[in-house]
Amino acid sequence: MRILTNALNKILAGCCCIILAVMVACVSWQVAARFIFNAPSSTLDEFTQILFMWMILLGGVYTAGLKKHLAIDLLVQKLSRTPALMLDSIIQVIITVFALIFMVYGGDIIVEKAAHVSQMSPVLKWPMDKVYWVMPISGVILVYYTIVNVIDNYHQRHLR
Numbered sequence: 001m002r003i004l005t006n007a008l009n010k011i012l013a014g015c016c017c018i019i020l021a022v023m024v025a026c027v028s029w030q031v032a033a034r035f036i037f038n039a040p041s042s043t044l045d046e047f048t049q050i051l052f053m054w055m056i057l058l059g060g061v062y063t064a065g066l067k068k069h070l071a072i073d074l075l076v077q078k079l080s081r082t083p084a085l086m087l088d089s090i091i092q093v094i095i096t097v098f099a100l101i102f103m104v105y106g107g108d109i110i111v112e113k114a115a116h117v118s119q120m121s122p123v124l125k126w127p128m129d130k131v132y133w134v135m136p137i138s139g140v141i142l143v144y145y146t147i148v149n150v151i152d153n154y155h156q157r158h159l160r
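If you read the sequence shown in full-length UniProt numbering, its first letter stands for residue 1, the second for the next number, and so on.
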């Protein structure tokens, strides 16, 4: 399980780095095109918006998997080790339920509806169901990470 988690971390980190580099290049070109050449690019604008959506979802899942995401841990810091691990496990279960309902199930509905109506992006003419696949994919990865975190909490509680 640790091998899969490490591989997933590397893949997500690589994807986020590539997306960020492409976004920086696109936005830099957009600024130059708009202010130097006076010819803004709506194609790059839409492409950057799609990349931004993918960056938010994949980057958010990646940071959650590393447990580096934004969290209010004031209560957890006040608790002793075992109650803190139990509270963290409860939080992980809540995150799992959220990811399953809103990201996996809801994302699948969005993908199906976009495919059903053959929704295309306005400028790039890309099928939006392909663009929206990032939502259920991110949800599945987040569920995996939360399961790994609960298992880690169990091992920390019972094996040490």
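Every residue gets a Cβ at the ideal spot worked out from N, C-alpha and C, and that includes glycine.
Original post:
Can you round the beta-carbon distance between S89 and V150 to whole angstroms, since I take them to be within the 8 Å contact cut?
Top reply: Within the sequence shown, residue 89 is the residue found at index 89, counting from 1. Within the sequence shown, residue 150 is the residue found at index 150, counting from 1. The C-beta distance from S89 to V150 rounds to 5 Å, short enough to meet the 8 Å contact threshold.
Original post:
Among L51, Y62, A25, H69, which has the Cα closest to the Cα of Y144?
Top reply: The residue labelled residue 144 in the question sits at position 144 within the sequence shown. It is Y62 whose Cα lies nearest to the Cα of Y144.
Original post:
Would DSSP call M1 helix, strand or coil?
Top reply: Sequence index remark: in the sequence shown, residue 1 carries index 1 (1-based). It is coil, neither helix nor strand.
Original post:
Would you report the Cα separation of I101 and I94, rounded to the nearest angstrom?
Top reply: On the sequence shown, residue 101 is found 101 positions in, with the first residue counted as 1. On the sequence shown, residue 94 is found 94 positions in, with the first residue counted as 1. Cα to Cα, I101 sits roughly 11 Å from I94.
Original post:
Would you say the beta carbon of T48 comes nearer than 7 Å to a heavy atom of the ligand SAM?
Top reply: Summarising the ligand content, the structure contains no ligands, and the ligand SAM is consequently not present.
**OP:** Below 7 Å CB to CB, which residues in the same chain sit around residue 163 once its five sequence neighbours on both sides are set aside?
**Re:** Shown here, the chain extends from 1 to 160; a query on residue 163 therefore has no answer.
Subject >> For M1 and G107, the rounded distance between their alpha carbons >> reply: Position 107 of the sequence shown, counted from the first residue, corresponds to residue 107. Position 1 of the sequence shown, counted from the first residue, corresponds to residue 1. Rounded to whole angstroms, G107 to M1 spans 26 Å at the Cα level.
Original post:
Buried or exposed: which applies to N153, given that a residue is buried once 16 or more other Cβ atoms fall within 10 Å of its Cβ?
Top reply: Here residue 153 is taken as the residue at index 153 of the sequence shown, counted from 1. Counting Cβ neighbours within 10 Å, N153 comes out buried, since at least 16 surround it.
Original post:
In or out: Y132 buried (at least 16 other Cβ within 10 Å) or exposed?
Top reply: For the purposes of this step, residue 132 is taken as the residue at position 132 of the sequence shown. Flag for Y132 reads buried.
Subject >> Beta-carbon gap between V134 and L57 smaller than 8 Å >> reply: Within the sequence shown, residue 134 is the residue found at index 134, counting from 1. Within the sequence shown, residue 57 is the residue found at index 57, counting from 1. L57 sits close to V134, with the two beta carbons spaced by under 8 Å.
**OP:** With DSSP as the reference, label P127 as helix, strand or coil.
**Re:** Locating residue 127 in the sequence shown gives position 127, where the first residue counts as 1. Strand.
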